[in-house]
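Written out below as structure tokens is the structure these notes cover.
Number of protein chains: 2
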Amino acid sequence: MSDALRTAPPQTPIGRIPVQDVRPVVDHGARPAKAVAGEEFEVSATVFREGHDAVNATLVLTDPEGGEHHLPMTCTNPGLDHWVTRVTADRTGWWSYRVEGWSDPYGTWEHDATIKVHADVDTELMLEEGARVLERALDEVDRTADEEQVLVDAIRVLRDPSRPPVVRLKAGTDAAVEDELGARPLRDMVSPSPEYHLLVERERALYGAWYEIFPRSEGAHYDEDEHRWQTGTLRTAAQRLPAIADMGFDVVYLTPIHPIGQAAKKGPNNTLDARPEDPGSPYAIGSPDGGHDAIHPDLGDFDDFDAFVAEAERLGMEVAMDLALQCSPDHPWVAAHPEWFTTRADGTIAYAENPPKKYQDIYPVNFDNDPAGIYAEVRRVVQVWIDHGVKIFRVDNPHTKPVEFWQWLIDDVAKDHPDVIWLAEAFTKPAMMHTLGKVGFQQSYTYYAWRNTAEEIEEYLTELSGEAAAYMRPSFWPTTHDILTPYMQFGGPGAWKLRAVLAATLVPTYGIYAGYELMEHVARPGAEEQIDNEKYEFKDRRWADYEPGGPKEGRSLAGWLTRLNTIRREHPALHRLRNIRFHVVDDENFIAYSKRRVLPDGSSDVVLVVANLDPHSTRATTMRLDLVALGFEPGDSIEAHDLVTDQRWVWQRDVYVRLGPETEPCHIVSLRRPW
Amino acid sequence: MSDALRTAPPQTPIGRIPVQDVRPVVDHGARPAKAVAGEEFEVSATVFREGHDAVNATLVLTDPEGGEHHLPMTCTNPGLDHWVTRVTADRTGWWSYRVEGWSDPYGTWEHDATIKVHADVDTELMLEEGARVLERALDEVDRTADEEQVLVDAIRVLRDPSRPPVVRLKAGTDAAVEDELGARPLRDMVSPSPEYHLLVERERALYGAWYEIFPRSEGAHYDEDEHRWQTGTLRTAAQRLPAIADMGFDVVYLTPIHPIGQAAKKGPNNTLDARPEDPGSPYAIGSPDGGHDAIHPDLGDFDDFDAFVAEAERLGMEVAMDLALQCSPDHPWVAAHPEWFTTRADGTIAYAENPPKKYQDIYPVNFDNDPAGIYAEVRRVVQVWIDHGVKIFRVDNPHTKPVEFWQWLIDDVAKDHPDVIWLAEAFTKPAMMHTLGKVGFQQSYTYYAWRNTAEEIEEYLTELSGEAAAYMRPSFWPTTHDILTPYMQFGGPGAWKLRAVLAATLVPTYGIYAGYELMEHVARPGAEEQIDNEKYEFKDRRWADYEPGGPKEGRSLAGWLTRLNTIRREHPALHRLRNIRFHVVDDENFIAYSKRRVLPDGSSDVVLVVANLDPHSTRATTMRLDLVALGFEPGDSIEAHDLVTDQRWVWQRDVYVRLGPETEPCHIVSLRRPW
């Protein structure tokens, strides 16, 4: 390599019309930008030229079949030569895009002629030159007969000495000619940027409501007579699916369903002295009953699994599978492939450690020892589940495995199954989290659970909905089986309602861990996770108690979640990430944001959320709406329809709101012109 | 191209240890980063890995002969996985660099063993594993016998069961072992970033003091008897060179010296009715006497030019030539190559216009009509001047010619003359200005003349000294023959002193237009340029009048400029751009900044400038020094030596300063520890 550097390297041509700083571009173009089918996003570039002649730019979008679509770009900041357009790829597949800068002879002429003819400078010459530009536009660009006629008429008048010069000029510059040249321009010196890849995925990669269950808990109950737990099964868990579907969820996510190791099995609350009847952590995968390609015998068999998937599908839901690539000491891989693990200096296999802590129930896979073998085996395991109808994988701790492994796996699966979606549970530093998105993960868990103030939320959403949205899609979870923040522990019911609303409306994909309805807010002392963590024991939540007529009727948030999911389904603006805008509020305890989406029929869906983030106090503030961002004109009156309470108001720019424990923590309002 | 996109494009491997976001990278790596020989700059990258094992990074710098230099990188922000190192390329040529991420087995062991041995967990195992890591370091990395001995000793103690475990651990982790492994690390899974080009140019590309003259004015005088001007010549202009050299300038820049067209010649103050005796604008190039490859007969011939260059060289100065690629209607190219210009619909050649304004004395070259012919002719012209000793070209209005032309020209010249420097006079929008730097211009005029407030200056310098410094080098001119801002018109002597100081110390290259010494501040009404612009007439500045004993002794800033240039030469910190740091001042009328440079002998040169930007009022403020940025410790006392007044003070962090018309507008101080 270094030999080639001894002399000047070959120049990369700057192009006749320079096109610089195209965005989005991921990793200098090494990786694709991403979108879902029908998702609008902005492409921008810096396009400029020498001298005074007019410059212009086109976004050329190439579809998976190779068809090219020309989208005009607009200069939104002439001082910075900043050009933008909005792009929507309407179907999945590998697309690409480039920006073409070009010299605009019609624009040059129109600018100069308008000044000079009105100043009567070179009038005849300018009019003749206009006619010649339009002649070129006729000769060099394909048009229908009607389209041609617009230019033919203009040329005739431009050259008609019997008319006043301003009339002739007007013929060459009127809206019909401008529109025709805008749609089918005469382009000189066309200069393309590099071609950038765009991976368009199915909409579920961006938008969906998830619900997490431990299948063994659904239908589990404590048998008072036998003084032991009866496990739930895939069959009993399937009986819970209608309720989940009724709440409006799109994806049901199962924690691991594989055989659980008996060696070093953990007891309740992560204790080391498990009793034989304790079920163990489903994340300690593998036993003589099998590994990642097997089902825990207590849960059922593949027929039961198929029935579960079929029932979910019948209810309009997809099943997401947990992929936790770690092994209990009993995992079949350990005996068959000890070389897939790390052998220490004393000949033992290394268990997981975070010195000085040890996790004796887990053997991490060492991918470097036999990459080809491990890659192939994981690929085989994944295919087992794909063959049983799974198209979504929630990956446990992907940041403890080589990034290049995920890049390979996701790419290899996509070759035959491009509709498979991968969610990264990478609760780690930003570089890893972002890079996993860049190499293929469709979705990522996020820091949402720890972003509580308005300033934190706005800053985080600005990051997520900005350039990062081209490669990383956030999933917001107010709690998980491992996360119960102080805000949730101590915020009371208002906090639980609010954090669900924020998750469900700030981003298109959010997730709820079973039991959220019941506001299970008691933490294990010293930890930010639930006491009696479901990872280590059965939970019988007695759902029936909360149903109408039950002893705990009215004490569940199921209705609130149902309302939220209904609002999400009815409002396509909430299916998008990059369209979020924040509005000014006087009280820093409040947050206000909106999403707007223009629909194919030209109408707009506009949803605004304003919330009091202090779960303990009812507060009032004035909110100042950014009317232009909402799609209205300054001074417009707006009809605001509260989608929770069904109240309706007419709002102007400044809106007084009062929210908190006395009423509701937030308004979710649909906005439109009142006429 | 589009065919290849129908299926997934080949993946660009992320690498076993991901290396992301290497900086500097210009245009996604399409163009080189730039530096001058001996110029230190920072390279940074995001480097991280999966899991808990230690990650590390190396900057590999490849010199023009292909030799690789390994520079250790430091993680300055673990949360963001941000790694940096400082790079200095010691000679000109095409270099390259890449960042290598790697797994650090010694770092992993040292971290884990330190925790576990102190907790007495797996003690013997950890010590044995340490010995094995060091054995690998011995086996796999070249070392001298002495270097090996450090590791051999450590291994022996690690395995010596007669010693206490903490002593054995210490043997494997002490500073000698750490230093040896730091200098010659054991690197696993080495993962390189792409290779990026680095063009290292001679120091004059970054650092130099320029002085601009119209050669015909130097030695010109009005003959009272004959009632006409006698022109200066290259011979009389050469007589001015010792005075310019005495002021300490490094480059003397000549406005065009070519024959001037007679057609549509401009008279004084850009009037259209020139008299025969008016000299015309030297920017209206070309007459029957010749074009860009000729010398105006009034100025002399090539022998005179050679003598001028030789005299400059004798005085330690270089000559910068103006390259203004435009033609008067009399230029030989017009008759020989009418196709190199734009022919209008009426058959005439187009002159320059900015509708409705016309510039009948100038025909712009149309590069698109015959690129090959025009490129070759310009290349030939440039070679004429290179052959006569010119190695610096100041390019007039490069932004009115195709950017790709400059890319080609600069690259082609550099093939045989890599020491040629090009200065872009692109007073235009940022995109063009920056891109001209990216495609090859070594220097650029800037917006300095219009940046007057402290906030404006700090913002602009932050931009110029940041990422832009990798491809664009600023030249600061307080005035030019075309620029006389209101600040200079109305600021009085303090403004003239101050703006020279700022130009000379904010950036390494600055320029002075002849007459600055005399504070020629009267503008043509309605214009921001001097009245009686030297472009259109002779100027006899009667330099002798300002010399000792002359009638205007003491009324010139020549001494001030001499002092400034002396300070610049004596202080290598001022020869650099990227080392500027700003300090907090209480009064927004003040600005304070410093430059620090560590010299090869390990000593530091530190210069601080604090200035009152209000030329009309003496003001006082408190300045808070950023002692760490200056290379001191918090709480240090500092010796401050005023390089203008020769005063000395001892400063602490907070410094009271009082500056303005009553004293001087600024302090330029050298800082060092007082012991």
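If you read the sequences in order, they're chains A and B. Per numbering that gives the first Met the number 0, the very first residue in the first sequence carries number 0; after that it's consecutive. Per numbering that gives the first Met the number 0, the very first residue in the second sequence carries number 0; after that it's consecutive. For each residue, glycine too, the CB sits at the ideal point set by N, CA and C.
Below 8 Å on the Cβ atoms is my guess for residue i versus residue j; work out the distance and round it to an integer in Å.
i: B:LEU576; j: B:VAL668; result: Actually they do not touch by this definition, with Cβ atoms about 20 Å apart.
i: B:ILE579; j: B:LEU612; result: The Cβ separation is near 17 Å, so there is no contact.
i: B:ARG97; j: B:GLU194; result: 5 Å
i: B:ALA236; j: B:ILE212; result: 7 Å
i: B:ARG596; j: B:GLY247; result: Not quite, the Cβ-Cβ distance comes to about 19 Å (not below 8 Å), so this is no contact.
i: B:GLU127; j: B:ARG158; result: 7 Å
In or out: residue i buried (at least 16 other Cβ within 10 Å) or exposed?
i: A:LYS551; result: exposed
i: B:ARG393; result: buried
i: A:ASN353; result: exposed
i: B:ARG472; result: buried
i: B:GLY299; result: buried
i: A:LEU271; result: exposed
i: A:HIS416; result: exposed
i: A:MET432; result: buried
i: A:GLY558; result: exposed
i: A:GLY465; result: exposed
i: A:ALA375; result: exposed
i: B:ASP119; result: exposed
Could you check what DSSP says for residue i in three-state terms: helix, strand or coil?
i: B:GLY218; result: coil
i: A:VAL98; result: strand
i: B:ILE511; result: strand
i: A:HIS574; result: helix
i: A:ILE16; result: coil
i: A:ALA405; result: Sequence check: residue 405 of chain A is Trp here, not Ala. The answer is helix: DSSP assigns A:TRP405 an H, G or I state.
i: A:TRP476; result: coil
i: B:PRO77; result: helix
i: B:TYR444; result: strand
i: B:SER555; result: coil
i: B:PRO337; result: helix
i: B:MET432; result: helix
i: B:PRO267; result: helix
i: B:SER1; result: Unreliable positioning characterises B:SER1 in this predicted model, as indicated by a pLDDT of 40, which lies under 50. A coordinate reading is not provided.
Grab the span of the beta strand (DSSP E) containing residue i for me, first residue to last.
i: A:ILE456; result: Premise fails: A:ILE456 lies in the alpha helix (DSSP H), 453 to 464, not in any beta strand (DSSP E).
i: B:ASP187; result: 187 to 191
i: B:LEU483; result: No beta strand (DSSP E) holds B:LEU483; DSSP gives it neither H nor E.
i: A:TRP542; result: It is not in any beta strand (DSSP E) - A:TRP542 carries neither H nor E in the DSSP assignment.
i: A:LEU197; result: 195 to 200
i: B:PHE589; result: 589 to 597
Closest to residue i by CA distance: which of the options is it?
i: B:THR87; options: B:ASN55, B:VAL54, B:ALA32, B:TYR105; result: B:ALA32
i: B:ALA371; options: B:PHE404, B:PHE392, B:ASP159, B:TYR282; result: B:PHE404
i: B:ALA619; options: B:GLU516, B:HIS520, B:ARG657; result: B:ARG657
i: A:TYR470; options: A:ARG30, A:HIS520, A:GLY558, A:GLY279; result: A:ARG30
i: A:HIS520; options: A:TRP384, A:VAL149, A:LYS264, A:THR478; result: A:THR478
i: A:GLY66; options: A:GLU223, A:ASN451, A:GLY92; result: A:GLY92
i: A:LEU607; options: A:LEU642, A:TYR282, A:LYS115; result: A:LEU642
i: A:ALA323; options: A:PRO337, A:ASP173, A:VAL381; result: A:VAL381
i: B:HIS69; options: B:THR57, B:THR75, B:SER43; result: B:THR57
i: B:GLY260; options: B:VAL250, B:LEU253, B:PRO275, B:ASP249; result: B:PRO275
Counting along the chain, where does the alpha helix (DSSP H) carrying residue i start and finish?
i: A:ILE385; result: 370 to 386
i: A:THR172; result: 164 to 172
i: A:ILE114; result: 104 to 117
i: B:TRP676; result: The question about residue 676 of chain B has no answer, for chain B in this structure spans 0 to 674.
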